[in-house]
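I have placed the structure first, in the form of structure tokens, so that the comments after it can refer back to it.
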Amino acid sequence: MGKVYSKGKVHSVSVMGGVQLLRRQRSRSPRDSPGSPSSQSFSSDSITSTDSEISFDEDDGFKTLVEQKKAQFAKAGYMFPISEKEIDRLQTLHYMFRYFWGNNFSSPMEGVLAKENAKILDIGCGPGIWILECATTYQSSSFTGIDIAALYPAEIKPRNTEFLNVNIFDGLPFEDNTFDFVHQRFMMFAYTIDKWQEKVLPELLRVLKPGGYLELMENDIVWYEEGPLSHKFREQVLHAMRDLQNIELVLSSHIPKWLSHFPCLSQIHHDSRKAPFGSWAGGVGKFHLTSNKWGAVHMYDAVDGVGLNKEEYLETIEKVMEECEGRKGYLMSHRYWVRKKIE
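Per UniProt numbering, the sequence shown starts with residue 1, numbered consecutively.
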């Protein structure tokens, strides 16, 4: 593993506690602004994988918004269905991976964000939880989040935040050299191999200031300590995504190579963390396994069922999940950060 040069400041917070905080924020007066996350201590068992917990309140007004945005996601090619549970799942994933990493970013930017009027861009911000948390911590800096559909907060948000409905494939609506820090994570299902190289990375680096940092975080879909059925199914999915969608789900061998093609960048830094799944890892592991199952179920069309009909496909997933529960499985979460040279 590489050295972590600087760690983003975080608050101690339970995963479900953090999601519940966001629910409370949605019900607050527009005059209020989100405060810091709860200071309760974290326990991995505070994460629950039950559907009853990963859902929105019926009266929070968000269901209508979600329905309005489904069409936008479908038009943009988003693979997974957008629902209330999906938004809650994304928020919970944020807290889960912050727990695994112990911070919100690895780039040596904490001093800049804390003391200067820095500008930060978050690509594919989703519900905006990373932006909301960082903006509350670093109040002297300004944060901009973009996504293909406006599932982020419209009014109840810190004053130093902005959210925009943007598809990166259409180009980013910013001047060259605008941002001190460009952050992106969990986007491997959104970009083809060609888009990564020809559109995404060039655009991210175009809007990054000289001396600023780009940070990418992705999880390899490689399961360690997996059983024979899990290995076979996972490999079938990986090959189908490459062959049918031109999407790569094991990016750790590609991102450094792609970044190295840009002469404007200095040394590439890398670090990784284990992300366990299954009940052996407590509540966090249960939720992670449930999230993996959810993703596999909704990839049926994208992978053409790996040659199986829908019933056979779902039965295989159930058997894979059972096999995972009998092992101490995990995947690796990777971060890459690199500085743009000052000319």
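Beta carbons: idealized from backbone N, C-alpha and C, even for Gly.
Just so you know, these numbers come straight off a predicted model, no measurement behind them.
Restricting to Cα atoms, I'd like to know which of I342, M299, S333 is closest to I221.
Looking at the Cα atoms, S333 is the closest of the given residues.
In whole angstroms, what is the alpha-carbon distance linking S106 and Y336?
Using only the alpha carbons, I get a separation of about 8 angstroms.
Where does R234 land, buried or exposed, given buried means 16+ other C-beta within 10 angstroms?
Answer is buried; the Cβ neighbour count reaches 16.
Once DSSP output is grouped into helix, strand and coil, what is the label at R327?
coil
What number of angstroms, rounded off, separates the C-alpha of G283 from the C-alpha of I123?
Those two C-alpha atoms are separated by around 29 angstroms.
Please state the DSSP three-state secondary structure of W223.
coil
Compute the Euclidean distance between the alpha carbons of W196 and V306, then round it to the nearest angstrom.
25 angstroms
My parser needs the alpha helix (DSSP H) runs of 4 or more residues fully inside the stretch 207 to 282; what are they?
228 to 240, 255 to 260
Can you list the alpha helix (DSSP H) stretches of 4 or more residues lying completely in the stretch 107 to 187, in chain order?
The qualifying runs are 110 to 115, 129 to 137.
In whole angstroms, what separates the C-alpha of I146 from that of P153?
12 angstroms
Less than 8 angstroms between the CB atoms is what I'm expecting for L201 and W258, so what's the real figure, rounded?
6 angstroms
Return helix, strand or coil for V338, following the three-state DSSP convention.
strand
According to DSSP, M321 sits in a beta bridge with which residue or residues?
Paired residue(s): none; M321 is not in a bridge.
Should N117 be labelled buried (16 or more other beta-carbon atoms within 10 Å of its own) or exposed?
With fewer than 16 other Cβ atoms within 10 Å, it is exposed.
For a quick check, are the C-beta atoms of V182 and V166 less than 8 angstroms apart?
no
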